[in-house]
Structure formats: structure tokens, C-alpha cells
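J.: Chains as they are written, first to last, in this note's numbering: chain A, 183 to 701; chain B, 37 to 347. Using N, Cα and C, we set each Cβ at its ideal position, and we do this for glycine too. Quick caveat, the model's predicted, so the values are computed rather than measured. Could you have a look at this structure, given as C-alpha cells, before my questions?
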Amino acid sequence: MKKTIALLLCLVMLVGVLAGCGGSGGGSGSSADKKVLRIGTEADIDNLNLQTQQNAINNVVLKNTHQTLVFFNNGSRGDDVRFDPCLATDWTFEDDTHILMHLRDDVHFNDEAKTPMTAEDVKFTLDMAMDNLVATALAGYVGCEIVDDYTIRIEIETYNNEFVQSLASVPLSIQSKKAYDDGVEDPYYIGTGPYKFDEWVEGEYCRLVKVEDYWGNDLPADDNLAPGASDVIEFRPYIEASSRVIALQTGEIDVCVNPPINELQYLEEDENVTVYEQPGTRLFYFAFNVTKEPWDNQTLRQAVACAIDRDAVLQAAVYGKGTPQTTILNRGLWGFYDDMEGFDYDVDRAKSLMAEAGYPNGGISTTLSYSNGAPYEQIATVIQANLKAIGIDVTLSPMEEATHKSNCVDGGQELFLWRWNEDSKVDFVYRDLFYTGSGSNYHHYSDAHADELIDKVATEKDQDVRLAAAKELQEYLVDACPQVPLYIANLVIAYNKNLQGTYLYGGGNHDWRHAYVAD
Amino acid sequence: MIKYILKRLVMLIPVILVTSFLIFWAMSLTGGDPALQIAGDKATPEQVEQIREELGLNDPFLVRYAKYMAGMVTGDMGQSYVTKRDVFKTFMERLPNTLMLGGAAVLIAVLVSLPLGIYTAIHQNTWKDTAGMIFALFGTSMPNFWLGLMLIIIFSLTLGWLPSGGKTGFASLILPAVTVGFGLAALITRTTRSSMLDVLRQDYMTTARAKGCSEKRVIYTHGLKNALIPIITAIGLQMSLVITGSVLAETVFSWPGIGRLVYDSISKRDTPMVTGSIILCSVLMCIINLVVDLIYAFFDPRIKAQYSKKG
Chain A
183 MKKTIALLLC
193 LVMLVGVLAG
203 CGGSGGGSGS
213 SADKKVLRIG
223 TEADIDNLNL
233 QTQQNAINNV
243 VLKNTHQTLV
253 FFNNGSRGDD
263 VRFDPCLATD
273 WTFEDDTHIL
283 MHLRDDVHFN
293 DEAKTPMTAE
303 DVKFTLDMAM
313 DNLVATALAG
323 YVGCEIVDDY
333 TIRIEIETYN
343 NEFVQSLASV
353 PLSIQSKKAY
363 DDGVEDPYYI
373 GTGPYKFDEW
383 VEGEYCRLVK
393 VEDYWGNDLP
403 ADDNLAPGAS
413 DVIEFRPYIE
423 ASSRVIALQT
433 GEIDVCVNPP
443 INELQYLEED
453 ENVTVYEQPG
463 TRLFYFAFNV
473 TKEPWDNQTL
483 RQAVACAIDR
493 DAVLQAAVYG
503 KGTPQTTILN
513 RGLWGFYDDM
523 EGFDYDVDRA
533 KSLMAEAGYP
543 NGGISTTLSY
553 SNGAPYEQIA
563 TVIQANLKAI
573 GIDVTLSPME
583 EATHKSNCVD
593 GGQELFLWRW
603 NEDSKVDFVY
613 RDLFYTGSGS
623 NYHHYSDAHA
633 DELIDKVATE
643 KDQDVRLAAA
653 KELQEYLVDA
663 CPQVPLYIAN
673 LVIAYNKNLQ
683 GTYLYGGGNH
693 DWRHAYVAD
Chain B
37 MIKYILKRLV
47 MLIPVILVTS
57 FLIFWAMSLT
67 GGDPALQIAG
77 DKATPEQVEQ
87 IREELGLNDP
97 FLVRYAKYMA
107 GMVTGDMGQS
117 YVTKRDVFKT
127 FMERLPNTLM
137 LGGAAVLIAV
147 LVSLPLGIYT
157 AIHQNTWKDT
167 AGMIFALFGT
177 SMPNFWLGLM
187 LIIIFSLTLG
197 WLPSGGKTGF
207 ASLILPAVTV
217 GFGLAALITR
227 TTRSSMLDVL
237 RQDYMTTARA
247 KGCSEKRVIY
257 THGLKNALIP
267 IITAIGLQMS
277 LVITGSVLAE
287 TVFSWPGIGR
297 LVYDSISKRD
307 TPMVTGSIIL
317 CSVLMCIINL
327 VVDLIYAFFD
337 PRIKAQYSKK
347 G
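The structure is reproduced here in C-alpha cells:
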């Protein structure tokens, strides 16, 4: 009897396991699923409510289901225009603080009633944003007036060169007022994009399906707002980088986002895989807490900058897949200027500056804080050796990223490593990192002239004057040296060799709407 | 017996209180401001402060703990700071995956280790015993992170038999279950062997043989049954550990279980999710231990009698 019960228990366990495993959807990437595009992500999708989330991976998913007033293109056209009409057809500044914007009149939401998208939805979305995390992206917004169903007038506090660009931010995608008014469950899922949500199982996958009655079905295939190419797009998190690489090689996924650089050779040898590389926008930098002695000494900071071998850092961190950098602005942004003299690697100059700063024999002991893991550990090791050569003893202090960030905000660090990724607005670099009192100004740098130049770049209408101010600002900040820019890492991505229609961004916010795996 | 079970369930209350307090305390000691994590890199100091205020992070530790426990009493384990989803619901969504992986791993471990443990005990001090123990040593000392990657390279990449990760059907369970099960098998093999060696030396085994029982009957009926209690203890302990400790295997195989959930939540300083998950894991471990205790009674009437007396 007992044996029978034990046997039955084993059987039930096995059946349970089998039953539980079955039919979670998706399959493992058989070659028959040509209409499915599977993207292996490096992070879990954790929140798909547009205005309460902050993660890049969520935005990559939401780009397919929702649309913004203005579209931020990836610059591959080669012209200087990075912002195109999207749900808004055109916009004009009526005066310094009012923007008149016309909307498309043929757009509807992907709900059962095909509710038209109107100026009410735009006002609703922008007003709601001011109560959410995304308010940062909409800084300066005062209000929105509905002129008619397809025309709005946006009021801003003061003229700002980049306000309209803010509207290209994915979290500001237009949402349905009616869905909120009707008390629809998870109303933020309803968008106007060519895809809609089918299923999201946290930690497993997020599946989007093509909208059959998409409002833009008649648009030509080369239009940015054209219908989606694949029938289904699935985002699958493969947190462990090596597993993600293998999943691409076995055909379980079609795209491996951010493959580990040290495993690229395996992918490059695989005839079924394309490894694509282009200049990126993510800047890695070494920096000082300028409120802490002796790092409040500008000349000393410059000496340290001269002692750092950026080429060695780049090689150690990303096997040379990047570009050493002199200026503090992310590559590709408006007004990028990297031709200043700066502080190239020159140990003799570094020693001379050390003497000028009052430390002819070095004799400084300090701590370098950074987040655990690559590439920071590799960068820190090179810098520790570099600074030893000019008499600075550096103690390495790796810590978890959340702890490191809090430590930097509180000003507990002396030297630190950090990164900044921005590909659309220069104000998100200048103001966030260097403006007095800004939340991400971990240097705790405060300088009236720099603040004035930052404001000028944001508000100056004469573009020549503005460009001159941007150049002056970068030269000023490089000379002030609260930060030593190290390098911009290349964007590296690997995908199925049959993948077509990719639309990649140097910053990683790729657009998969028109991508598909060809037969 | 029922009274005994009820008593054990009531004992969950102090376990929950102590666990929740310790986790809350540990999370408050850990550096890293949850508000900064939630707000993202581009938030203003005012926004960060607003989030702190909204989440009650400016309250003293004891006030926050009391508020959390007040929610718990009403069955509300709170919302995740990051995903804004209900903690209990999120945990329960992941639990079947973890139980599935744990169950399959333990099943594999038991199927391999019991026969192997018995076999090595019977052939003590022979090359067969040595080979079995080398297997056990190998299994105990091999990091399952490395083993997982090796299995992926062999069975997914080279042979193309099994998927390398994700939860896409029965086939996707095999590699993670073997990875976790291999380590468990090693441990249970050693326990089975030593327990069997103890039993094999007992007088009643000699008596059984003297009475003319077949060797098979002596080993499996008289020997194994008496050796089972430490083995069941080992299996129960391993099952508890698998539930909370499979984070490496879950990461390598992209298996959406509880280990990965807790690990991610800690790195994001998602206190409600971490606290809620660990409390629920503690409850689960208590239940597994209770089930193990009840299984003792199933195999050993003496223990059953003790429970009845205690009850």
C-alpha cells in the first residue's frame, strides 16, 4: 500500500512538472516561425506603465505599441535633422512661451472602438505627466490649450530650444483619455502604435502582436509610421550574457542585445550571425567630488587628467571597441566639440601640474569608488596604476550600484567612476551633470559662469550664438575638470543574419517595428 | 497529529515576525536609497524627495516596519516600488516555476542518488565505492553556474537537442533541473551511503540474513527503510534550499523563479518585494519542514506515536 502511495506521489510530481511546463507559449525558436521576431534582452521588463517607469528596456518595448508627438530618428539619414513629425504634423512658436501644434487627424487608438486620437488625449497625457516621474522630461511645461480637435497650444515657462524635442520621449507617448475615464484595467496599455500587447509574463517574455486594423495601414512601407513588419515581436530576458549569446547561436532568439565583448569572436565565427558595430553614445568617465580636499584644487584635477591613459582604459574596458574622448558631451549630440587641447596622456605634464598644484612629490592617498563588475573594475585598475606613477595612492572601493549612487548623491565619495547615456538633448548632459544643485551632479560642482552658459545653450534663439556658447561651455568644463571623460563605448549588437529592417540607435533604444527575419 | 500540525502552523507567527523584522532591518542598513533607484538618473532632487515622502521613506525605521506589519495583518503585503505590482501576486506567479524547477531537480537527485548511495554502501571500500564517492565529490564541489554553461554548450549549442534557456516547454526544464539536481544528488548520495553503512552494521540485519531473507530483501526492506530518516531530512533540507537558492541556475537558464526575483529586487532596493518574498519563502520552508516531519511518521511508526503523544 505504502509503495503504491509513494509511486503515485512520484507520478503526480512528474505529471505536475510536465503539465506546468507545457504550453507557456513561444516555442524555442523553430525555423517555422519566420513571422516572429525574438529579441533577447539583457534586463527584465519591469513596468509597462509609460509614465511611472524609468528603464530603457521598458521604453524599447513601448516604442512598438505607442507613439509620440515628435519622432527622434537615429541620424542615419545623414542630415542634421534628428526630430521628425510623428503624431504631430507641424509646430510653430507663436511667441517665446507658446507652441502651436497640429495633430494628425487619421489616428485612432488600438481599442475595440477605434477611438480617434484627438487634442484631448494629448492634453490629458501631458497634464498627467506632470504628476509622474516623467515630469523631468517635460521641464518647463505650464499647460496645454485645446484649439480644436486636432490643434493644441502648449504653454511653457520660458523659451527653450529643446522643449519640442522633449516630446519625443517614449514615456510621453500619447495615451487614451477615454480608457482612463472608462476605468479600463491597465489603461496605459492602449496606444496608437502598429503593435499591441498580447501577453506579458514577468521574467519570461513580453509578446506584442501586429495590429490588424492599425490606423497607418495605408502608409507606404518606407514611412516611419508604416505598419509593423513582423506578425509578432517577443522580448525575452536573458540576463546572463553568455546564455544570451548561445541562445542567438541556437536560434532561440533572433537578436542578442549587448553581447559580451569577450565573446564576440564566437559570434563572428558563426556564419548564421551578423555582428554589427557602430559608434555609440554612452560616455564613461572618471570624476572628482570637487567639494572634498584635495580635489577642490583645479590644477591637481588637471594633473590627474593628464596621468590617465585613455587608450589603455579603452583597451582594458572594451577591447578597444570605442572612442577615447576629450569633451564632456556625448558624441552625436548637437554642438559636440572635441577639438580642444584638453588633457591628453602625458606623465611629464602631469608631474609638472602636480608641482604647480602644490604636490611636487605626490604623497596623496585617496579612494576611487565605482559600481561592481565590468567595465568599471577594469577601468579602475588601469587608473590606479596610472595615478601611482604621479605619486597618488588609490584605494579601490567597488560597491553595488545602488549604494554607489547614494554615496555619490550624498557626497561621500572622493574619486568615482560613472557613465552617462544621452542621445537626444544636450540639456540632459550639461544641466543634469554640471548645473549647481542638479540631482545627477555627483561632482557637486558649482560654478556661476558654467550655469550661465548652460542656460544660454538652452534658451538662446540665435543658433550661431548658441553654438558658440556650447563650444565655450565644453572648453570651460574640460578646463575646470570636475570630470575626466574616458571613452564612448561602441554600440555592439548581434543578430540573425537574415534579419532585415533594423533601426538601431547608438544609445541602445532600438526600434524594432520594421524588423523581420527574412525566409 | 492534527493538533501537532496546528501547533506547528501557529509557530509560523513568530517566524514571520522575526524574519520580517530582520529583513526590514537589513534592508535599512544596506546603502542605496530606493527613491534614487525609482527616480532614475535624470530626476531632480525635488522629485527624489517627493518619492521618499510618498513611500514613507523619511519615517523612522520602526514606524515603517509597523506600517508594513499593519498592512500584513490585513493581508496586504504592499506594492513593489519598481513594478508597482502587488507583492503577493508577483510572488505567487513565480512560485510555480520555482516549485517546478525544485521538484524536478529533487526528483532527478533522488532517482540518481538513492540507488548510487545504496550501491556504494554495499560495496564499501571497493573501486565501485571510490567511483561513487568521486562522483559525489565532483557534484558537491562543481559550481552549478559552470556546470549549467557546460550543459548549454553541449546539449544546446553543439548537439542542438535542448533549448538553452527561458521557460518554453518541458524541454526547457531539463537542463536547469539537471544542473541543480546534480549538486543535490551528490549530497544525498553521501547521506544515503553513510546512513546505509550505519544500518548495515546493525544486529537486525544479521538476524534478517540468518532467517534466510534474500539479500535484496535485507537491503531494501530491512536496511533502506531504517536508513531513510536522515535521507529524508537531507532531501527536505535540499528542497528548502533549492526554492530560495537557485538564483545562479535561474540566471544562467533565464528561468523566471523566486531566486531571480529576490536577487533583482535586492539590487533595485525594492524593500516591499524583498521583505514580502523572504517572508513567503520562510513560510514555505516551514511548510516543507512540516511535511518532512510528517513523512517521518509515514515511514517510522515510533515517530508517529510520538507526534500523537505531543498532540
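Which class does arginine 286 of chain A belong to by DSSP, given the choice of helix, strand or coil?
T.: In the structure shown, arginine 286 of chain A sits in coil (DSSP, three-state: anything other than H, G, I, E or B).
J.: Using CA coordinates, which residue listed in A/Leu349, A/Ala489 and A/Asp293 is at the minimum distance from alanine 319 of chain A?
T.: Here the closest residue by C-alpha is A/Leu349.
J.: Serine 620 of chain A and arginine 613 of chain A look like a contact to me (Cβ under 8 Å); what is the Cβ gap, rounded to whole Å?
T.: Indeed they touch by this definition, with Cβ atoms about 6 Å apart.
J.: What does DSSP give as the partner residues of aspartate 266 of chain A in its beta bridges?
T.: Bridge partners of aspartate 266 of chain A: A/Phe253.
J.: Hey, isoleucine 561 of chain A and tyrosine 501 of chain A: beta-carbon distance below 8 Å or not?
T.: Result no, Cβ atoms of isoleucine 561 of chain A and tyrosine 501 of chain A do not sit closer than 8 Å.
J.: What are the boundary residues of the alpha helix (DSSP H) that includes isoleucine 565 of chain A?
T.: That run of the alpha helix (DSSP H) goes 558–570.
J.: Please confirm whether alanine 584 of chain A has its beta-carbon closer than 8 Å to some beta-carbon of chain B.
T.: Closer than 8 Å: yes.
J.: Mind checking who glutamate 327 of chain A pairs with in its DSSP beta bridge?
T.: Answer is A/Arg335.
J.: For methionine 581 of chain A, write down the residues that DSSP places opposite it in a beta bridge.
T.: A/Ser553.
J.: Could you check whether the Cβ of phenylalanine 289 of chain B sits closer than 8 Å to any Cβ belonging to chain A?
T.: True, the Cβ-Cβ gap to chain A drops below 8 Å.
J.: Taking only beta-carbon atoms, is aspartate 95 of chain B less than 8 Å away from chain A?
T.: Not an interface residue.
J.: Along the chain, where does the alpha helix (DSSP H) containing leucine 597 of chain A start, and where does it finish?
T.: From DSSP, leucine 597 of chain A is part of no alpha helix (DSSP H) but of the beta strand (DSSP E) over 597–603.
J.: Counting Cβ pairs closer than 8 Å, one from the stretch 462–469 of chain A and one from the stretch 245–257 of chain A, do we hit at least three?
T.: They do not touch, by the three-pair rule.
J.: Count Cβ pairs between the stretch 230–238 of chain A and the stretch 304–315 of chain A that sit closer than 8 Å; are there 3 or more?
T.: A contact exists between the stretch 230–238 of chain A and the stretch 304–315 of chain A.
J.: Identify whether proline 298 of chain A lies in helix, strand or coil by the three-state DSSP scheme.
T.: Three-state DSSP puts proline 298 of chain A in a strand.
J.: For asparagine 543 of chain A, does the three-state DSSP call read helix, strand or coil?
T.: Here asparagine 543 of chain A sits in coil by DSSP.
J.: Between which two residues does the alpha helix (DSSP H) harbouring isoleucine 210 of chain B extend?
T.: Counting along the chain, the alpha helix (DSSP H) containing isoleucine 210 of chain B begins and ends at 207–236.
J.: Out of B/Ile154, B/Ile267 and B/Ala213, which has the shortest C-alpha to C-alpha gap to valine 278 of chain B?
T.: If we check each option's Cα against that of valine 278 of chain B, B/Ala213 comes out closest.
J.: Examine the ligand SAH and report whether any of its heavy atoms sits within less than 7 Å of the Cβ of lysine 296 of chain A.
T.: In the structure shown, the ligand SAH is absent, as is every other ligand, since no ligand is present at all.
J.: Given a threshold of 16 other Cβ atoms within 10 Å of its Cβ, counted over all protein chains shown, does leucine 42 of chain B qualify as buried or as exposed?
T.: With fewer than 16 other Cβ atoms within 10 Å, it is exposed.
J.: Looking at asparagine 554 of chain A: is its Cβ nearer than 8 Å to the Cβ of alanine 489 of chain A?
T.: Contact flag unset, no.
J.: Report the residue from A/Leu446, A/Asp478, A/Asn292 and A/Thr585 whose alpha carbon sits nearest the alpha carbon of tyrosine 627 of chain A.
T.: Here the closest residue by C-alpha is A/Asp478.
J.: Against chain A, with Cβ distances strictly below 8 Å, would glutamine 238 of chain B count as a contact?
T.: Not an interface residue.
J.: Just to confirm my understanding: we take leucine 223 of chain B, look at its own chain, exclude 5 residues before and 5 after, and list those with CB closer than 7 Å. What are they?
T.: Result list for leucine 223 of chain B: Thr176, Ala270 and Gln274, in chain order.
J.: May I ask you to report which of helix, strand or coil DSSP gives asparagine 678 of chain A?
T.: The answer is strand: DSSP assigns asparagine 678 of chain A an E or B state.
J.: Check the Cβ-Cβ distances between asparagine 240 of chain A and every residue of chain B, and say whether any is below 8 Å.
T.: Output row for asparagine 240 of chain A: interface = no.
J.: Do you know offhand how far glutamine 480 of chain A's Cα is from glutamate 90 of chain B's?
T.: Going from the Cα of glutamine 480 of chain A to the Cα of glutamate 90 of chain B covers about 40 Å.
J.: Quick check on this structure: which residue in A/Ala671, A/Glu367, A/Glu416 and A/Val439 has the alpha carbon closest to the alpha carbon of glutamate 384 of chain A?
T.: For glutamate 384 of chain A, the nearest C-alpha among the options comes from A/Glu416.
J.: Applying the criterion that 16 or more other CB atoms from any shown protein chain within 10 Å of the CB defines a buried residue, is tyrosine 256 of chain B buried or exposed?
T.: Per the 10 Å Cβ criterion, exposed.
J.: Find out if the Cβ-Cβ distance for the pair asparagine 454 of chain A, asparagine 678 of chain A is shorter than 8 Å.
T.: In contact: asparagine 454 of chain A and asparagine 678 of chain A (Cβ atoms closer than 8 Å).
J.: Tell me whether the beta-carbon of glycine 136 of chain A lies closer than 8 Å to the beta-carbon of isoleucine 334 of chain A.
T.: It is not possible to answer for residue 136 of chain A, since the shown part of chain A is limited to 183 through 701.
J.: When DSSP labels each residue in this structure, what does threonine 618 of chain A get in the three-state scheme?
T.: DSSP places threonine 618 of chain A in coil when its eight states are reduced to three.
J.: What is the residue span of the beta strand (DSSP E) that arginine 389 of chain A lies within?
T.: First-last of the beta strand (DSSP E) with arginine 389 of chain A: 387–392.
J.: Using a C-beta to C-beta distance shorter than 9 Å, which residues of chain A count as neighbours of glycine 272 of chain B?
T.: By Cβ distance, chain A contributes nothing, its closest Cβ being about 14 Å from glycine 272 of chain B, past 9 Å.
J.: Check each residue of the stretch 130–151 of chain B: if its Cβ is closer than 7 Å to any Cβ of chain A, include it; give the result in chain order.
T.: Under the 7 Å Cβ criterion, the stretch 130–151 of chain B contributes Arg130, Pro132, Met136, Gly139, Ala140 and Leu143.
J.: Hey, how far is the Cα of asparagine 237 of chain A from the Cα of lysine 78 of chain B?
T.: If you take the alpha carbons of asparagine 237 of chain A and lysine 78 of chain B, they lie about 12 Å apart.
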